[in-house]
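So the structure is just underneath, and the comments pick up after that.
In this note's numbering, the protein residues as written are 309 to 686.
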């Protein structure tokens, strides 16, 4: 027996939940017409730096998706562009959360709004028809008038239905390092995030991060490396660079390095076909810092506008979705960050990093993030 819905959202991460919440903002009655299908069971493991920016919090509030989960507010940030870092004090940089807790809380929140979420459903085949889209899975068959692909960087929706001429895959590695409560690192003592761009000189198209976080009340340093891969060229040795960074900090610990891909947005890519639209990582995020949570949430109102328009007009082609997305503030942001990444991560740019530091200081001061004397950092 086939279950029939107006709107099927594949993926119950932030992008999928944001799309559902944005649709309810437009018409609360849609809660009975939406189904969210998720292959995993929440809370599920999710590799991520776990940085929740003020932009993300603004989106959560606007979508009525604010959730109470453990977090750690950061009050300073250190940028390493050369050997000597640039420090800034800012209570508005971000707070760190654990994605397994955060995503599970979002699912609980959308369920309380009346939306059906079914977990443990792995969609295996997608068949667009003239009047519906058929979704097949071992758990059963579903039918929808509209499908929203929120199924992440490896999106089955995109792979089966969209043309993809070039790879736009970034890579990241992450490690969680337990920290002795009696010997906290500077990141914890100063509530500080570290963004280290010095490995650009070794071919890295990205940076290494250190974010303080807590798991079940215990301090862990979330360290990772992001490689945007927006430019051609020899790929950096990510495991070696990350291990060297951790060892340089004097941390001796047995740690497990895990990795995952990210996908960056390009305005010329295909993000829709009749009765189907992409959102979140499936459509693409920004490749400069690879910050995905804010982007995933910000897609929500855009995809909701497109879906709601289709329901009202009966035009399910979504032929203008890519053009509309490109012209939104999110589209401009993603494209601008792509241009920045391609400039900063190009071969030879590392020679200009000291000069770039002056630009960064000006920008952060403009944003009311005050520079800090390094002697004040423990």
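C-beta: ideal position from N, C-alpha, C; glycine also.
- Partner residues in the beta bridge of residue 385, as assigned by DSSP, are 396, 501.
- The distance from the Cβ of residue 379 to that of residue 404 is about 6 Å, consistent with a contact at the 8 Å cut-off.
- When the alpha-carbon of residue 567 is set against those of 550, 505, 576, the nearest one is in 550.
- Secondary structure of residue 312 (DSSP, three-state): strand.
- Comparing alpha-carbon positions, the option among 602, 601, 579 lying closest to residue 611 turns out to be 579.
- Take residue 355, set aside five residues on each side of it, and the residues of its chain with a beta-carbon closer than 6 Å to its own are 482, 566, 568, in chain order.
- One thing to note: residue 460 has its Cβ no nearer than 7 Å to the Cβ of residue 623.
- In the DSSP assignment, residue 517 falls within the unbroken beta strand (DSSP E) covering 514 to 523.
- Taking C-alpha positions only, residue 575 is separated from residue 595 by approximately 13 Å.
- Contact between the region 533 to 553 and the region 473 to 480 is established, with three or more Cβ pairs separated by less than 8 Å.
- One thing to note: residue 373 has its Cβ no nearer than 7 Å to the Cβ of residue 323.
- Membership of residue 416 in the alpha helix (DSSP H) is indicated by the continuous run 407 to 420.
- The C-alpha of residue 546 lies about 46 Å from the C-alpha of residue 310.
- For the pair residue 515 and residue 521, the CB atoms are not nearer than the 7 Å cut-off.
- Of the other Cβ atoms in all chains shown, fewer than 16 fall within 10 Å of the Cβ of residue 474; this residue is therefore exposed.
- For residue 616, the enclosing alpha helix (DSSP H) begins and ends at 601 to 621.
- The C-beta distance from residue 504 to residue 553 rounds to 7 Å, short enough to fall under 8 Å.
- In this structure, residue 626 lies away from residue 334, with their beta-carbon atoms at least 7 Å apart.
- Residue 430 and residue 331 have their alpha carbons spaced roughly 24 Å apart.
- Boundaries for residue 477: no alpha helix (DSSP H) harbours it, while the beta strand (DSSP E) harbouring it runs 477 to 486, taken from the DSSP string.
- Between residue 401 and residue 385, the beta carbon gap of about 5 Å places them in contact (Cβ cut-off 8 Å).
- Within the model, the alpha-carbon separation for residue 350 versus residue 494 is close to 33 Å.
- Within 10 angstroms of the beta-carbon of residue 597 lie 16 or more other beta-carbons, which makes it buried.
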